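Numbering (the UniProt record's numbering), first residue to last: 1 to 366. Idealized CB from N, CA, C, for every residue including glycine. Since the model is a prediction, treat every value here as computed from it, not as a measurement.
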Ligand SMILES: C=C1C[C@]23C[C@@]1(O)CC[C@H]2[C@@]12CCC[C@@](C)(C(=O)O1)[C@H]2[C@@H]3C(=O)O
Ligand SMILES: O=C(O)CCC(=O)C(=O)O
Ligand SMILES: [Fe+2]
């Protein structure tokens with residue numbers, strides 16, 4: 001599908017009183033929407049402070065059936081989350097020429113502009129945002145503030161504090177997932193691949209701003225997608241908008257926006273690591289007429305050169321690896337052709353019966 005826009009198109013969302021043709025998404029395949037907290041469709045809550053065996057069994061069920069949940073008891077101060085939100089609003093309220101100076105595209109994979117997958121759709125989404133590597137905050141944001149200064153320092157200090165907290169939380173959540181897979185603390189601490197993943201995983205941040213929309217049912221904030229990474233933490237303002245797809249019957253379930261609760265979304269590469277056991281959840285962000293919404297996706301993935309394949313512990317006795325070995329960049333390139341076909345991406349990596357018999361697929365520890 002041809003792209004009709006540049007990576008860093010600025011659009012004055014607040015200047016229009018209807019959704020222009022360039023942003024209309026009514027022809028997309030769609031499913032009914034379940035409102036917040038409805039019976040069996042209430043998004044599960046995982047409390048990290050609950051260290052019981054029962055809690056691990058509950059995480060197992062949620063990871064397999066939902067692929068997404070609300071994390072509480074995580075210890076990240078709410079007041080820090082509030083400061084992160086304030087800083088994002090300040091950044092994205094800067095004048096268009098300043099944001100365009102920091103545009104994605106060309107030599108810059110990171111920066112201001114539409115997310116990479118937007119280039120594969122013919123319509124624009126009702127959002128703007130900024131993508132950057134969490135390890136490079138200070139150099140990245142010199143593109144917005146070339147001379148540094150107080151605003152630059154405040155922004156970088158808050159983002160780095162957030163990164164420190166989230167990276168540490170990422171390790172705790174990874175350990176929780178490893179426990180679900182049956183790995184002992186000694187095994188994780190040993191020199192194997194599980195420890196290597198934990199020590200080397202990388203973080204990318206995508207700051208999203210969804211302006212108020214005069215006709216929300218005709219637009220989409222972020223179109224349906226799975227994240228390619230291991231897993232993603234979402235920090236969202238107190239305005240709902242994130243929805244998860246539940247299958248059978250297919251429906252969108254709205255994630256409540258609760259102070260301090262962090263949505264966690266399992267991505268494609270964790271689905272691969274667990275040999276398909278953890279569900280990589282299809283999700284999207286919708287917009288509304290009354291309130292702008294801000295979110296941060298804190299995406300945790302492997303280093304670019306790591307070869308990812310099902311973990312040995314996830315390949316149950318008598319079965320084989322269901323996915324072939326891939327690096328994250330290789331997977332992202334292969335996935336480009338599948339964006340308008342929900343759930344198709346991982347088929348690229350699936351090992352066929354014949355290949356499986358020929359034992360082409362191997363576990364990650366081999
Ligand atoms: C680390 C990344 C994952 C991501 C591409 C990116 O380089 C930065 C943003 C991420 C995001 C967010 C919106 C949807 C998505 C498909 C996209 O185009 O940009 C994801 C990408 C992904 O998960 O592969
Ligand atoms: O805004 C949200 O809640 C979702 C953001 C998201 O899915 C993403 O940036 O990948
Ligand atoms: Fe996402």
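Going by Cα to Cα distance, which pick from the options is closest to residue i?
{"i": "residue 121", "options": "220, 177, 261", "result": "220"}
{"i": "residue 289", "options": "214, 296, 264, 252", "result": "214"}
{"i": "residue 103", "options": "26, 113, 278", "result": "113"}
{"i": "residue 368", "options": "271, 323, 136", "result": "The shown model of the chain, from 1 to 366, leaves out residue 368, and the question about it has no answer."}
{"i": "residue 305", "options": "74, 19, 197", "result": "197"}
{"i": "residue 248", "options": "32, 11, 16, 22", "result": "32"}
{"i": "residue 53", "options": "15, 182, 83", "result": "182"}
{"i": "residue 236", "options": "224, 83, 176, 348", "result": "83"}
{"i": "residue 280", "options": "317, 186, 262, 69", "result": "69"}
{"i": "residue 143", "options": "163, 97, 164, 128", "result": "97"}
{"i": "residue 30", "options": "228, 223, 291", "result": "223"}
{"i": "residue 335", "options": "126, 212, 268", "result": "268"}
{"i": "residue 109", "options": "140, 217, 165, 56", "result": "140"}
{"i": "residue 49", "options": "166, 42, 172, 43", "result": "172"}
{"i": "residue 260", "options": "160, 166, 15", "result": "166"}
{"i": "residue 23", "options": "234, 118, 93", "result": "118"}
{"i": "residue 240", "options": "316, 14, 35, 25", "result": "35"}
{"i": "residue 153", "options": "163, 138, 164", "result": "138"}
{"i": "residue 111", "options": "136, 258, 26, 255", "result": "136"}
{"i": "residue 385", "options": "264, 350, 330, 188", "result": "The requested residue 385 is not part of the displayed model; the chain covers only 1 to 366."}
{"i": "residue 258", "options": "15, 58, 45, 20", "result": "45"}
{"i": "residue 18", "options": "217, 57, 87", "result": "217"}
{"i": "residue 39", "options": "254, 287, 303", "result": "254"}
{"i": "residue 274", "options": "287, 163, 56, 194", "result": "194"}
{"i": "residue 284", "options": "25, 15, 21", "result": "25"}
{"i": "residue 187", "options": "256, 311, 21, 85", "result": "311"}
{"i": "residue 130", "options": "286, 101, 57, 192", "result": "101"}
My assumption, with CB atoms under 8 Å, is that residue i sits in contact with residue j. Please give the rounded CB distance.
{"i": "residue 232", "j": "residue 178", "result": "Contact flag wrong, Cβ pair sits at about 18 Å."}
{"i": "residue 134", "j": "residue 201", "result": "Going by Cβ atoms, the distance from residue 134 to residue 201 rounds to 11 Å, so no, they are not a contact pair."}
{"i": "residue 314", "j": "residue 277", "result": "6 Å"}
{"i": "residue 60", "j": "residue 180", "result": "4 Å"}
{"i": "residue 207", "j": "residue 296", "result": "6 Å"}
{"i": "residue 126", "j": "residue 230", "result": "The Cβ separation is near 28 Å, so there is no contact."}
{"i": "residue 128", "j": "residue 92", "result": "6 Å"}
{"i": "residue 244", "j": "residue 43", "result": "7 Å"}
{"i": "residue 71", "j": "residue 262", "result": "5 Å"}
{"i": "residue 88", "j": "residue 294", "result": "5 Å"}
{"i": "residue 265", "j": "residue 227", "result": "6 Å"}
{"i": "residue 300", "j": "residue 185", "result": "In fact, because the Cβ distance is near 20 Å, the residues do not count as touching under 8 Å."}
{"i": "residue 209", "j": "residue 330", "result": "So it is not a contact: roughly 31 Å between Cβ atoms."}
{"i": "residue 80", "j": "residue 132", "result": "18 Å between Cβ atoms; not a contact."}
In the DSSP output, what is residue i paired with across the bridge?
{"i": "residue 71", "result": "46, 262"}
{"i": "residue 350", "result": "323"}
{"i": "residue 308", "result": "326"}
{"i": "residue 33", "result": "252"}
How about residue i: is its C-beta nearer than 8 Å to some C-beta of chain C?
{"i": "residue 264", "result": "Judged by its chain identifiers, the structure shown contains no chain C, having just a single protein chain."}
Considering only heavy atoms of ligand 5, does any lie closer than 7 Å to the CB of residue i?
{"i": "residue 279", "result": "This structure simply doesn't include ligand 5; it includes ligand 1, ligand 2 and ligand 3 instead."}
Quick one, what's near ligand 2 if you take every residue whose CB is closer than 6 Å to any heavy atom, in chain order? Those residues, listed in chain order, are 206, 208, 222, 227, 234, 236, 241, 242, 283, 285, 295, 297.
For the UniProt domain "Fe2OG dioxygenase" (201-302), which segments carrying the alpha helix (DSSP H) assignment without a break, of at least 4 residues, lie completely within its bounds, in sequence order? For the alpha helix (DSSP H) assignment, the uninterrupted runs of no fewer than 4 residues enclosed by the UniProt domain "Fe2OG dioxygenase" (201-302) are, from N- to C-terminal side, 268-273.
My parser needs the beta strand (DSSP E) runs of 3 or more residues fully inside the segment 82-151; what are they? As far as the segment 82-151 is concerned, its whole beta strand (DSSP E) runs of at least 3 residues are 128-133.
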